Amino acid sequence: MAIKFAGEFEAKKKPEEIYDFLTDPNKFASLLPDFQGLTVQDATHFTVRVNVGISYIKGTADVKMELTEAQRPQRAQYKGQGSMAGGNVTVVAGFDLAPIASGTKVAWQGEAQVFGRLTSVAGGLLEPLGKKQIQKLIDGLQAALT
Amino acid sequence: MVEEKKNGGRWVGASLPRKEENRLLRGRGKFADDIKLHEMLYLRFVRSPYAHARIVSVDTAAAEALPGVACTITGKEIAAQTHPFIEIGPDHAQKIRDYPMAVEKARYQGEPVAAVLAESPSLADDAAELVVVEYDPLDPVVDAEEALKDRSILHEEAGTNKVWNGVWEYGDVETAFKEAAYVVNIDRMHFHRFSSTPLENNVVIGQWNAKDDNIYYWCNNSFPSFALQFLAAHLGIPIDRIRAQTFDIGGSFGIKITSYPQMAVCALASKKAGGRPVKWVETRSEHMVSSAHGNERTFRDTRVALDKEGVITAIDSRHIDDCGAYPRYEPLGCVIWSQVFCGVYRFKNARIDFWQAVTNKCPVGPNRGYSRMQHLWFLERVVDICAHQIDIAPDEMRLRNYIRPEEFPYTTPNGCVYDSGNYPKMLDVAKGLIGWDEWKKRQADARKEGRLIGLGIGTTLDSGTNNFGQSQIVNPYAPFSGNSQGANCKLDIYGEVVVAVGSCPQGQGHETTAAQVVADVLNVHPDMITVRTGFDTERNVHTGFSGTYASQFAVSGLSAVHGAAQKLKAEMTRLAAFVLETKEDDLEFGVGQQGAEVKASSTGKSINYWGLANIVNVNSAVLPTEMHDVTLNCRYIWRAPFKVPDKEKKYGSLTLTYASQLHMAVVEIERDTFVPKILDYVAVDDCGTVINPPIVEGQVYGATAHGIGAALMETCAYDAVGNMLTSTFSDYTPITSVNIPKIKYGHISTPSPHSYSGAKGMGEGGAAPIHTISSALQDALFAQGIFIDDSFNNADSIFRALKKHDGGDLAKLVKVEKR
């Protein structure tokens, strides 16, 4: 089951500052919804622990993240893979940064693929819930960059 | 004592209540999960969430560290000590390495990757969640036509996703098309994937006993003879060292035939756990994602030739079957459909190009109506689409094309022999029961009001008692042919008549019908017969074909029982003649003051069964030497009179009996919600001589309910990456009593010349409701320009079909050439 997402917002900071924020796991990861903890392996790999829950299915998920594209200050892309009770998820999320007069335009896009029993048990709920969580991340990002 | 309703002096044909009813309805049945053994461990599988993924690592350390966990076992461990399962398919299919758990790759969502053994089921559940599996996802392929392009290959060792391909061609197809008055072209039709939802899921207790190095199974597999042949070769153990027992079984519908991989895991897990017995009880969601589904099939580029009267003269089509990730009972489905090659119709010219592919979905199993229902649905769609296209009423279209009653026994283009039948009479009975003419008037009135009401007909076959020689059509080296069934009939030491059969009944009433047959032979009451059903290797009444599947017990099972009872009667006759000092033809079998007895007509002297059994078993010194071969313990093996089919021509008798069903439905589609609602339903059955009418009627209702569920409610839906979206009852929505309409039941009888009693195998129903509801929906929607091209139709799909038509997409589905 694929959940696609995309959007853009404007921030007052310069592209370099935003890029540095996005590629710093200690800053970026804590914005993930229901963030619980972070383990940084190296400059491009880290693991975040997040709370996940849909209805009565609740638990934690360890999501292994990799910074797969790093073109300072234009683009950053993450790939992630995690598992939780009832399913696995893979995520690709990219950020394209363009300078504008007031600061930076941040265009974000990506896709989450959900695998496993979860898609059947909670299939109808996954897409709206996923989009809600992504919106939370973007709201947090906007707040941090303003 | 049951109520006596003897059928003209015979018990066969009498409406006896089922002997097993008392036990089963009072909760006194004994099922595999009722077995509790000393030191038993509980097994829980860890399953792949991915439809297609390489297994990078399996870390079981945390699970093994949990108190109460005995051990874990992985696919790699299993592969290291076993052979891959036997592959039935030829050539490259022989290279497929199928193990009971994924080794290098997972090939469908829900495939077992590891298993945990613990002291309790809940501990096993907890421990399974601690197993960490790292996957590298691969591109899944979930469509059989796409799979045949080999862009993403499931079994690299085979080098292709194709499992099998063969062409069935008979008559002169091209000439028939040249001479046709009409040619109807149908681009694509699709028979959907669904399964069965037995009350009791799969259960296996396996023990690899450390003391005698034998394997013991207590399980509910419904074709244990087949499973044991696979297991012995897989485990590398002589088949005589495997004992399997089955008990009461809460439904199978064919899909419990393929539980042998889980049986293998339980034995190997037991071995690793030092010989402790291991129990696996399948959960409902496990059952939905990984037990077995029915075959999905796509029908491509169909051409139908018809004469000016609407008589079909030729069919040319390409069929692509989806067998899921592993061809476990396959590619037998690639030939089994041809048991009903021409359905109930007379056409002689046909070419079917048949393909089968693996996909990243749950492996299929022989689900009720296995392989034949897909083909029969196809033929019924062809008949209805052609009827509508050339403006012939669907009932008249069928009458013009049916095999005629006087043509039986009828040899089909591929050499199958239909034993008996009367399809026009069934149509007549069904029309009378449903009130066809009245419904046609009501339909016309309703249409004026803008209501969408359709009348549908489904005529179908239930072929029973397979010739396993058809396996040689898919693989010339397959070592199977014919069919046989065993039974034992004895007088035990105290004179009780005890019958043992190698079948595994799941509600079909074998205890009752076997007792009826023996009661007729011995002229006693059926309640005086004890029938031991359930498979047990150590009863030694099984053959390599023993089990309960493919509509055959009434023919193969009861023929074996009848043969064993006759052997016993012959021995009792010899012995009684000696004891009563009279001739054998002076003896009468019956019931006297001292129970069941044999009496000399001339003298009135008699001996009861206890007396006969006593002489043979514990008083044998009175027997003269020439009577020493009398054991009163008679084993009989019935063999079906089959020959090996011609493998090149794909020609020969593939099945012994052909029961038929004709269903009719009136369906209305709600204009606002598109919900299809059954307004009236009729099921007419012909299974030849009926052994027990209530049992037949009950099976007709069951098969009808299953078919209605499949037609309107039940589908194994997958998304594009191989997630099964209907893995719970909330999503799969199996039919319940609330959804079943009132069914009007009718029966005709054309006794089979191929069985001793005239009975034909029945119970699968030929999926008649699926054909019938498709037919009714098309009748309701044809005026809107809709053809029903899928076997699954619910409000959503009907809404989409109407939308598709608005977009003009349906114009290319069906084209008619008028010559």
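Taken in order, these protein sequences are the chains called A and B.
My numbering runs 1 ahead of the 1-based position in the first sequence.
My numbering runs 15 ahead of the 1-based position in the second sequence.
Every residue, glycine too, gets a C-beta built ideally from N, C-alpha and C.
Keep in mind it's a predicted model, so treat the numbers as computed, not measured.
For this session: With Thr-89 of chain B as the anchor, note down where its alpha helix (DSSP H) starts and where it stops.
Result: Premise fails: Thr-89 of chain B lies in the beta strand (DSSP E), 84-89, not in any alpha helix (DSSP H).
Problem set entry | N-terminal and C-terminal residue of the alpha helix (DSSP H) that His-786 of chain B is part of | 783-796
Problem set entry | Rounded C-alpha distance that separates Val-606 of chain B from Lys-614 of chain B | 9 Å
Exercise. Expressed to the nearest angstrom, what Euclidean distance is found between the alpha-carbon atoms of Pro-439 of chain B and Thr-670 of chain B?
Worked result: 23 Å
For this session: From the DSSP output, in three-state form, read off Gln-521 of chain B for me.
Result: coil
For this session: Compute the distance between the beta-carbons of Leu-414 of chain B and Gly-781 of chain B, then report whether it is under 8 Å.
Result: no
Problem set entry | Under 8 Å between C-beta atoms of Leu-163 of chain B and Trp-370 of chain B | yes
Exercise. Grouping DSSP H, G and I as helix and E and B as strand, with all else coil, what is Ile-405 of chain B?
Worked result: coil
For this session: Put Ser-621 of chain B into one of helix, strand or coil per three-state DSSP.
Result: strand
For this session: Could you name the residues that DSSP lists as bridge partners for Phe-47 of chain A?
Result: A:Val-41, A:Met-66
Problem set entry | Within-8 Å CB hit, Asn-27 of chain A to chain B | no
For this session: Could you round the C-beta distance between Gly-484 of chain B and Ser-496 of chain B to whole angstroms and report it? I think they count as a contact, below 8 Å.
Result: 3 Å
Exercise. Which residue or residues does DSSP assign as beta-bridge partners of Gln-500 of chain B?
Worked result: B:Trp-653
Exercise. What separation, rounded to the nearest whole angstrom, lies between the Cα atoms of Tyr-275 of chain B and Ala-655 of chain B?
Worked result: 26 Å
Problem set entry | Cβ separation of Ala-173 of chain B and Ile-264 of chain B, assumed to be a contact under 8 Å, to the nearest whole Å | Ala-173 of chain B to Ile-264 of chain B, Cβ: 34 Å. No contact.
Problem set entry | Pro-428 of chain B and Phe-356 of chain B closer than 8 Å at C-beta | yes
For this session: Would you decide whether Glu-119 of chain B is buried or exposed? Buried here means 16 or more other CB atoms lie within 10 Å of its CB.
Result: exposed
Exercise. Are the C-beta atoms of Thr-719 of chain B and some chain A residue less than 8 Å apart?
Worked result: no
For this session: Just the C-alpha distance for Ala-530 of chain B and Val-705 of chain B, rounded to the nearest angstrom, thanks.
Result: 15 Å
Problem set entry | Below-8 Å beta-carbon distance, Ala-113 of chain A vs any chain B residue | no
Exercise. Can you tell me whether DSSP reads Val-115 of chain A as helix, strand or coil?
Worked result: strand
Problem set entry | Reduced DSSP secondary structure (H/G/I, E/B, other) of Glu-17 of chain A | helix
Exercise. Do you know how far the Cα of Lys-775 of chain B is from the Cα of Asn-4 of chain B?
Worked result: Examination of residue 4 of chain B is not possible in this model, given that chain B is present from 16 through 834 alone.
Exercise. Any C-beta of chain A sitting closer than 8 Å to the C-beta of Arg-815 of chain B?
Worked result: no
Problem set entry | Residues of the stretch 77-88 of chain A whose Cβ lies closer than 9 Å to any Cβ of chain B, in chain order | Gln-82, Ser-84, Ala-86, Gly-87, Gly-88
Exercise. Quick one: does Val-122 of chain A have its CB under 8 Å from some CB of chain B?
Worked result: yes
For this session: Indicate whether at least one CB of chain A lies closer than 8 Å to the CB of Glu-144 of chain B.
Result: yes
Exercise. At a cut of 8 Å, does the stretch 643-650 of chain B reach the stretch 443-452 of chain B through at least three beta carbon pairs?
Worked result: no
Problem set entry | Interface flag, Gly-117 of chain A vs chain D, CB-CB below 8 Å | The chain inventory of the structure shown lacks chain D, comprising the protein chains A and B.
For this session: Within the stretch 737-769 of chain B, note down every full alpha helix (DSSP H) run reaching 4 residues or more, in order along the chain.
Result: 744-747
Problem set entry | Thr-787 of chain B vs Ala-680 of chain B beta-carbon contact at 8 Å | yes
Exercise. Looking at the C-beta of Met-66 of chain A, does it have a partner C-beta in chain B at a distance below 8 Å?
Worked result: no
Exercise. Measuring CB to CB, does Gly-262 of chain B end up less than 8 Å from Ala-47 of chain B?
Worked result: The residue you asked about is not Gly; residue 262 of chain B is Phe in the sequence shown. Going by C-beta atoms, Phe-262 of chain B is nearer than 8 Å to Ala-47 of chain B.
Exercise. Among B:Glu-832, B:Gln-521, B:Asn-634, B:Ala-791, which residue has its Cα nearest to the Cα of Glu-779 of chain B?
Worked result: B:Gln-521
For this session: Would you mind working out which of A:Leu-32, A:Glu-9, A:Ile-19 sits nearest Ala-108 of chain A, comparing C-alpha positions?
Result: A:Glu-9
Exercise. Is Ile-508 of chain B helix, strand or coil by DSSP?
Worked result: coil
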